[in-house]
Structures are given as structure tokens and as C-alpha cells.
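Shown next, in C-alpha cells, is the structure this report addresses.
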Amino acid sequence: MDVQMPLKACWKYYQKLWDNQTFVIGSEDDEEAFLYGLERFPRLRIVTVTPAAHGWLFAPLYETPMIRVFPYGFNYPIPRGWHCDPDDSQVVEPLPWSEATEDYKELWRGARIVLRLLSQAEKHNVSELSFDSKQLFTGLNFSILDRSCEEYNQFTAIMKRPGFRRLHLSLLTGSSGYWTGLQSGLFNEAISLAKELTHIHLPTTFDNGSGSLIRDLPIPLKEVLPSKEWPNLSHLTFSRFSVDTSELLDILKLAPSSLQPLDLKCIEFPFDEMRWTGLLERMREELDWAKRDQSLKPTVTTAMEGHRRWPRRFIELSDEVASFLYGCGENPLNGADTRSPKEGYWTNLDLFEAEYTRPNVNFQYLKKLGIIC
511 MDVQMPLKAC WKYYQKLWDN QTFVIGSEDD EEAFLYGLER FPRLRIVTVT PAAHGWLFAP
571 LYETPMIRVF PYGFNYPIPR GWHCDPDDSQ VVEPLPWSEA TEDYKELWRG ARIVLRLLSQ
631 AEKHNVSELS FDSKQLFTGL NFSILDRSCE EYNQFTAIMK RPGFRRLHLS LLTGSSGYWT
691 GLQSGLFNEA ISLAKELTHI HLPTTFDNGS GSLIRDLPIP LKEVLPSKEW PNLSHLTFSR
751 FSVDTSELLD ILKLAPSSLQ PLDLKCIEFP FDEMRWTGLL ERMREELDWA KRDQSLKPTV
811 TTAMEGHRRW PRRFIELSDE VASFLYGCGE NPLNGADTRS PKEGYWTNLD LFEAEYTRPN
871 VNFQYLKKLG IIC
């Protein structure tokens with residue numbers, strides 16, 4: 511912070527960036543540039559769209575050509591894109607896509623360009639598509655998948671392309687547990703077209719801090735996920751889901767033996783008093799994973815926000831879960847607490863700062879370790 515640019519210089523540089531962006535959007539040069547890349551890079555496999563490219567101040571997530579040439583110490587408002595809270599601190603409620611204005615839809619300009627061109631361009635080999643919010647409280651407006659529309663039709667066209675294998679789909683569902691937008695059958699119908707799918711990541715913006723049972727209704731996993739259509743599924747991630755424990759277990763029982771990583775992040779269990787503890791105990795008792803050869807045992811990773819909620823930071827646990835599921839370790843999760851495990855377990859991480867790692871202990875112990883002052 512001591513070497514940041516003078517405020518006037520920052521403002522002048524920021525205004526230049528803003529003017530350039532306005533020109534690019536007005537001329538549609540961004541769309542032409544993406545199409546140019548699709549046509550000239552036949553080996554391109556992965557396309558990622560994210561509102562988090564700028565990361566955090568002085569800690570960009572992606573060092574794009576534009577970000578790399580920022581003057582040293584440039585202090586600027588972090589742009590997010592998509593529909594989100596300016597402070598990254600709370601969930602915004604999505605508007606129904608069928609009633610939305612074009613200006614509102616343009617909040618997802620990059621995502622719409624990608625959907626349109628990947629569905630229409632014939633000569634490309636993109637097999638992995640990621641709309642990744644990086645755990646920010648945003649995502650694609652999930653009402654796109656509620657009823658047929660131009661963007662939904664484009665999405666389905668991409669799903670049924672031969673060789674499509676990986677989907678990361680962050681969804682702006684609002685903070686409530688009303689999952690009607692995913693129960694129309696259209697979402698299930700679309701993703702079931704990806705017969706060769708191996709990886710699927712499904713984060714939502716459901717706020718598991720809500721205490722209302724009405725808002726905490728579980729998502730009907732069996733209605734949403736066409737598990738039987740993915741015989742080669744190897745990686746499954748649920749993030750910010752409200753689930754019924756028995757239904758989640760049924761999904762896992764149907765999973766093929768190829769499933770390796772299973773990531774469960776910020777999950778809420780409205781009808782199970784034991785919540786995380788009960789889930790792990792039932793996984794150990796009801797699944798046959800412990801009997802498999804070591805190489806075929808799925809790696810289960812769980813994540814929580816912690817009681818000191820902070821955007822982009824979370825607590826992650828994997829080794830201790832494996833020790834409990836497949837060995838003689840104790841259950842590291844703490845009964846009905848869905849925010850944090852037992853103290854001393856897990857590691858605190860930051861999605862935007864890879865070097866930020868801290869043990870899950872109290873402030874006094876962090877001071878003793880010399881991590882904080």
C-alpha cells in the first residue's frame with residue numbers, strides 16, 4: 511500500500527481503461543476477437559468465463575495482457591461483471607430471464623458471446639467450458655435454464671457436441687432454497703446430452719446461513735442430475751447446495767467406479783440434525799468405497815466458510831476425511847455445525863491468494879505461531 515500510485519494518476523489511468531472498454535463493446539471487437547481465436551487455434555480445448563479475473567487488489571487471479579501492463583501500485587475499483595453485490599458480501603436475487611431487459615442481460619455479455627459462438631461455430635474443438643464465479647456470490651442467471659430461450663438453446667447445442675467432457679457451471683440462484691428453476695426438467699434435459707461428460711462442477715449462490723426452513727428446502731438431486739447418462743464421470747463438485755442426505759447418498763451409490771474426486775463445499779442439510787457428521791458416517795457405512803483398491807477410492811474434499819465469514823476464503827479438509835472413511839481416524843466434523851469443523855482440523859485457504867494458508871485454530875494460537883501479530 512505504501513507504493514501505490516497517486517490518486518489522480520490512478521483515476522486518469524482508470525478513465526482511459528473505461529473509455530477503451532466502452533469502445534470495444536460498442537464496436538463488438540470483443541466478440542470478433544473470440545471468434546478469431548476459435549478459428550485460428552484448432553487445439554484450443556478449454557474456455558473459461560469468470561467475473562473474478564481481477565481477483566483482489568494487487569492480487570489478480572489471471573494476469574491477462576491488460577492486467578500485466580498495469581502501472582506498479584495501480585489502485586482501482588475491482589470490476590466483477592455479471593450480476594453481483596459490489597462488496598462481494600451478499601447474494602443478489604436474479605431477475606426472471608424472460609422478463610429481463612437487454613441491458614440486464616448484457617451483465618453477462620462475455621458468457622452470452624461464448625454461448626453463441628461455441629454453439630454456432632462448426633470448426634472448433636472446445637471440450638471444456640467453465641463459467642466459474644470462484645465462489646463469489648454470483649453466476650449465470652439460473653432462469654436461463656428454466657424455460658426455452660436463445661441462451662438455453664445455445665447451451666444445449668454445446669452439451670451435445672461430440673467429445674464434450676467438462677462443465678463448470680456457477681449459477682446465480684439467489685439466496686433462497688427455491689429450486690423451481692432447476693425442476694422444470696430443462697436443465698436435466700440439457701446436461702443429459704453430454705454423454706461423454708467426465709467432470710461436472712455445480713456451484714450455486716444458496717446462502718446456507720439462512721435459518722428459515724422454508725428457504726432451506728433441499729434441491730431435488732434426482733430430478734436435476736441425470737447420473738445414469740454419465741458412465742465415465744470422474745469428478746463431481748457440489749457447492750452451496752441444500753441437500754437431503756439420503757438423496758445425496760443415492761446419487762453417490764449410482765456414481766460409476768471412475769468417480770475419483772468428490773468435492774462438497776458449503777453444503778446445508780435441513781432435514782438431518784447430524785448434518786456433516788451424519789453424512790460422513792453414512793458414507794462410511796453405506797458406500798462400498800472402503801472395500802475398493804486404493805487407486806479406486808474416491809478422494810473426498812469438504813469445505814466450509816468458517817464462522818468468520820469472508821468473501822473468497824474458506825476452510826478445506828481432505829486427508830482427515832479419507833482417514834475417517836477409509837481408515838481408523840475420528841470424524842473431523844462437528845455435529846450440526848455446517849460452518850466449521852472441530853478446531854485444529856482443516857486448513858484456511860484463499861481463492862485469490864495461493865500463499866494464504868493457515869491452520870484452523872483460534873487467534874491466540876495463530877499469534878503464538880507467528881502467523882499474525
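Adding 510 to a residue's 1-based position in the sequence shown gives its number in my numbering.
Backbone N, C-alpha and C fix where the C-beta goes; we use that ideal spot for every residue, glycine too.
No experiment lies behind these values; they were computed from the predicted model shown.
- With 16 or more other Cβ atoms from the protein chains shown falling within 10 Å of its own Cβ, Y662 counts as buried.
- When Cβ pairs closer than 8 Å are counted between the two stretches, the region 607-614 is seen not to touch the region 536-553, the count staying below three.
- By the Cβ rule, the region 633-645 counts as touching the region 668-678, because three or more pairs are nearer than 8 Å.
- Within the same chain, L731, K732, L735, S737 come within 8 Å of I761 by CB-CB distance, once the 5 residues on both sides are set aside.
- A straight line joining the alpha-carbon of L861 with that of P552 spans about 31 Å.
- Every beta strand (DSSP E) of 3 residues or more that sits fully in the region 765-789 is shown, in chain order, as 771-775.
- Taking F580 as the centre and dropping the five residues before and after it, the same chain places no C-beta closer than 6 Å to its C-beta.
- Annotation for M515: no alpha helix (DSSP H) segment contains it, and DSSP assigns it neither H nor E.
- Collapsing the DSSP output to three states places E757 in a helix.
- The C-alpha of L646 is placed about 16 Å away from the C-alpha of P587.
- Counting only runs of at least 3 residues, the region 524-576 fully encloses the following beta strand (DSSP E) elements, listed from N- to C-terminal order: 556-559.
- By the Cβ neighbour-count rule, V513 is exposed, with fewer than 16 other Cβ atoms within 10 Å of its own.
- A direct Cα-Cα distance of roughly 28 Å separates T867 from G591.
- In the DSSP assignment, A610 is bridged to no other residue.
- DSSP places R619 in the uninterrupted alpha helix (DSSP H) bounded by 619-630.
- The C-beta distance from F697 to L655 rounds to 4 Å, short enough to meet the 8 Å contact threshold.
- One alpha carbon belongs to P570, the other to M784, and they sit about 39 Å apart.
- For E541, the closest of H564, E603, W618, L679 by C-alpha to C-alpha distance is W618.
- Nearest neighbour of K615 by Cα position, chosen from P713, I577, S833, C659, turns out to be C659.
- Taken atom to atom, the span from the alpha-carbon of L769 to that of L827 is near 19 Å.
- Contiguous alpha helix (DSSP H) elements confined to the region 652-737 occur at 660-669, 696-701, 731-734, taking only those with 4 or more residues.
- Between the alpha carbons of L703 and P516 lies a distance of about 53 Å.
- Here W521 is exposed: its Cβ has fewer than 16 other Cβ atoms, across all protein chains shown, within 10 Å.
- In this structure, P713 lies near K775, with their beta-carbon atoms less than 9 Å apart.
- According to the DSSP assignment, S640 belongs to the beta strand (DSSP E) that extends over 638-641.
- Beta-bridge partners of R823 (DSSP): D860.
- Look at S805 here: in three-state DSSP terms it is helix.
- In the DSSP assignment, S744 falls outside any beta strand (DSSP E), carrying neither H nor E.
- Apart from the 5 residues on each side of it in sequence, E603 sits with its Cβ closer than 6 Å to the Cβ of G684 in its chain, given in chain order.
- The three-state secondary structure of S828, taken from DSSP, is coil.
- Just measuring C-alpha positions, the residue of R823, G649, D642, T812 sitting nearest A864 is R823.
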